[in-house]
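*Asks:*
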Amino acid sequence: DAGVTQSPTHLIKTRGQQVTLRCSPKSGHDTVSWYQQALGQGPQFIFQYYEEEERQRGNFPDRFSGHQFPNYSSELNVNALLLGDSALYLCASSLALSEAFFGQGTRLTVV
Amino acid sequence: GENVEQHPSTLSVQEGDSAVIKCTYSDSASNYFPWYKQELGKGSQLIIDIRSNVGEKKDQRIAVTLNKTAKHFSLHITETQPEDSAVYFCAATSPNQAGTALIFGKGTTLSVSS
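Below, the structure is given as structure tokens:
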């Protein structure tokens with residue numbers, strides 16, 4: 001079992017650009033959540049996808065959007081990047097309401 | 001909404017000592033409390049969790065206690081080893097059909113010296 005896999009591992013973007021991050025959930029999991037972790041902080045919930053729908057959303061602007069595919073994989077899109085969007089982006093997968101398993105994250109740097 | 005406070009932010013112990021990390025939460029509806037260990041290059045690993053119908057749970061050298069009345073829960077690591085050095089995060093949530101968003105504390109950096 002490959003666990004939760006995220007790509008890419010590192011990314012550098014320029015302010016104003018758009019970025020897409022990808023996540024493949026653990027085998028058998030149907031729910032994907034995204035978190036943003038700033039340096040020295042705990043992860044902050046962005047949104048959660050279940051059955052290809054956004055089920056729950058945290059306090060993030062509309063510049064942050066996502067998608068879940070029929071195979072349960074997911075993408076996180078961020079438009080009009082700001083310097084403050086620089087962070088580690090974590091994907092977590094779970095089955096229904098069970099415990100969440102995290103990927104290694106994508107380190108996004110906005111310059 | 002839920003707010004989770006975690007203390008201390010850093011903790012240094014000698015190998016073989018015990019380590020305790022404490023978290024408090026604000027939403028009495030929260031009923032699931034996981035702990036994650038985060039290491040560079042290894043991602044975040046779920047090490048133990050507890051649900052609100054249980055007061056204590058143990059797994060080898062790791063234990064978690066929950067006090068629902070006081071709304072706090074703690075991670076206990078006994079006989080610490082250098083490989084226990086990492087950042088530990090507590091979290092709280094109330095899983096329901098609306099979702100399972102985890103609210104995290106700010107983390108505790110544990111250093112175990114040999």
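Line by line, the protein sequences give chains A and B. Numbering-wise (the numbering used here), the first sequence opens with residue 1 and increments by one. Numbering-wise (the numbering used here), the second sequence opens with residue 1 and increments by one. Glycine included, C-beta positions come from ideal geometry on N, C-alpha and C.
Taking the DSSP output, what are the residues bridged to residue 17/A?
*Replies:* In DSSP, residue 17/A forms no bridge with anything.
*Asks:* Looking at C-alpha atoms only, which residue of 10/B, 14/B, 26/B, 80/B is the closest neighbour of residue 94/B?
*Replies:* 26/B
*Asks:* Beta-carbon of residue 82/A versus every beta-carbon of chain B: anything under 8 angstroms?
*Replies:* Among the CB atoms of chain B, none fall inside 8 angstroms of the CB of residue 82/A.
*Asks:* At a Cβ cut of 7 angstroms, what residues of the segment 38-53 of chain A count as close to chain B, listed as they run along the chain?
*Replies:* 41, 42, 43, 45, 48
*Asks:* Below 8 angstroms on the Cβ atoms is my guess for residue 97/A versus residue 100/B; work out the distance and round it to an integer in Å.
*Replies:* About 6 angstroms separates the two Cβ atoms, so the contact holds.
*Asks:* For chain A, check one thing: does any of its Cβ atoms lie closer than 8 angstroms to the Cβ of residue 89/B?
*Replies:* yes
*Asks:* For residue 14/B, report the span of its beta strand (DSSP E) as first-last.
*Replies:* 10-14
*Asks:* Helix, strand or coil for residue 95/A, going by three-state DSSP, please let me know.
*Replies:* coil
*Asks:* Below 8 angstroms on C-beta distance, what does residue 101/B contact in chain A?
*Replies:* 33, 45, 48, 56, 58
*Asks:* Given that a residue counts as buried once 16 or more other Cβ atoms are within 10 Å of its Cβ, and exposed if not, what is residue 106/A?
*Replies:* buried
*Asks:* Using 10 angstroms around the beta-carbon of residue 46/A, count the other beta-carbons present and answer buried if the total reaches 16, otherwise exposed.
*Replies:* buried
*Asks:* Can you find at least 3 beta carbon pairs, one from the segment 27-40 of chain A and one from the segment 69-76 of chain A, that sit closer than 8 angstroms?
*Replies:* The segment 27-40 of chain A vs the segment 69-76 of chain A: in contact.
*Asks:* Taking all protein chains shown into account, do 16 or more other C-beta atoms lie within 10 angstroms of the C-beta of residue 10/A, making it buried, or fewer, making it exposed?
*Replies:* exposed
*Asks:* Determine which residues of the segment 40-64 of chain B have a Cβ less than 9 angstroms from any Cβ of chain A, and write them out in chain order.
*Replies:* 41, 42, 43, 44, 45, 46, 49
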